[in-house]
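Terminal number for the sequence shown in full-length UniProt numbering: 213, no gaps in between. Even for Gly, the Cβ is constructed at its ideal location relative to N, Cα and C. Bear in mind the structure is a predicted one, so any value in this text is a computation, not a measurement. Here the structure is laid out as structure tokens; the discussion comes afterwards.
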Amino acid sequence: MRTESGTSIVPANRVAWTPAGFTHQHRAHSDTEMRIVFLPASLARLVPDRPAVFLVSGLAREILLTLTGPRSHDRAASARLRRVLVDELHEANEQPLQLPEPRDDRLRAVARILHEQPADNSSLAELGRAVGAGARTLSRLFRDELGMTFYEWRTQVRIHHALVLLADGHDTTRVAHACGWANPSGFIEAFASIIGTTPGRYRAGRVGEVRRR
């Protein structure tokens, strides 16, 4: 999901919240079920006033499936379920898998290289020479503009690409090498620390989204 804040991946164990007025785009990879629930303004004010991604609880997931499933509900029952859903989101931890969009032209050039070649293991100094900027300058820009180090950002890029490849059915070893890890164990550790599960257990599944009316 892309908004003005950047690009977020929303795997099956996350739920995305998009307030009214935010332009956004979706792109699905492999077979995907997207469940969308709209919230009235009275409930929307209880969750963040900006796009957010939450770790979805089992209860919240079942509510999303129930509200968007084939079984019909009367308005009162649906309203009660939405209130419980908002309570769950209010208590949930935000766990975005987000790549903030760089604004500086030099960072944009680095980003293009790594998006096109996520397995590129060039150092920041080597990338700097390719885009005409020093490593110190780029390091400062990553921290000031994107709020993370270059290596943290590159790991996020690689995990984003890994999620797409896994959704397309590629095995862990192939994905690890395609995304720049020399061995699968390092990839599994990095993946689990960010996604919360191992690549082997990860499966392309339902993506939940909540929107304000």
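Residue burial classification, residue i (beta-carbon count within 10 angstroms, cutoff 16)
i, result
"VAL84", "exposed"
"ARG75", "exposed"
"HIS73", "exposed"
"ALA130", "exposed"
"TYR202", "buried"
"THR155", "buried"
"ARG82", "buried"
"ALA182", "exposed"
"GLY69", "exposed"
C-beta contact flag for residue i and residue j at 8 Å
i, j, result
"LEU67", "SER78", "yes"
"VAL86", "LEU43", "yes"
"SER30", "GLN98", "no"
"LEU114", "VAL157", "yes"
"ARG172", "ILE188", "Per the sequence presented here, residue 172 reads as Thr, with Arg not at that position. Taking 8 Å as the Cβ cut-off, THR172 and ILE188 qualify as a contacting pair."
"THR198", "ALA190", "no"
"PRO19", "PRO51", "yes"
"ALA125", "ARG106", "no"
"VAL110", "LEU138", "yes"
"GLN95", "PHE54", "yes"
Which of helix, strand or coil DSSP assigns to residue i
i, result
"ARG213", "Interpretation of ARG213 is limited by its pLDDT of 49, a score under 50 that renders its predicted location unreliable; the figure taken from the coordinates is listed afterwards. If DSSP states are grouped into helix, strand and coil, ARG213 belongs with coil."
"TRP181", "coil"
"GLN25", "strand"
"THR18", "strand"
"GLN156", "helix"
"SER139", "helix"
"VAL164", "helix"
"ALA204", "Residue confidence is low: ALA204 scores 45 on pLDDT, short of 50, so the model does not pin down where it sits. No coordinate-derived value is stated."
"ARG2", "strand"
"HIS175", "Looking at the sequence provided, one finds Val at residue 175 rather than His. Looking at VAL175 - three-state DSSP - the assignment turns out to be helix."
"VAL37", "strand"
"TRP123", "Position check: residue 123 holds Ser in this sequence, whereas Trp was assumed. In this structure, SER123 counts as coil in the three-state DSSP scheme."
"SER30", "coil"
8 Å Cβ cutoff, residue i in contact with chain C
i, result
"ARG143", "Of the chains in the structure shown, none is chain C; there is only one protein chain."
Residue i: CB within 7 Å of a non-hydrogen atom of the ligand NAP
i, result
"GLU94", "Looking at this structure, you won't find the ligand NAP or any other ligand, since it has none at all."
>> Just to confirm the assignment: which complete alpha helix (DSSP H) runs, minimum length 4, are found wholly within the region 45 to 94?
In response: The DSSP assignment places 58 to 67, 75 to 91 as complete runs of the alpha helix (DSSP H) inside the region 45 to 94, in order along the chain (cut-off: 4 residues).
>> Below 8 Å, how does it come out for the region 24 to 38 and the region 159 to 168: are there three or more Cβ pairs, yes or no?
In response: Judged by Cβ distances under 8 Å, the region 24 to 38 makes contact with the region 159 to 168, as three or more pairs qualify.
> Taking three-plus beta-carbon pairs below 8 Å as touching, is the region 139 to 156 in contact with the region 99 to 107?
Replying inline: With a cut-off of 8 Å, the region 99 to 107 and the region 139 to 156 count as touching, because enough Cβ pairs lie within range.
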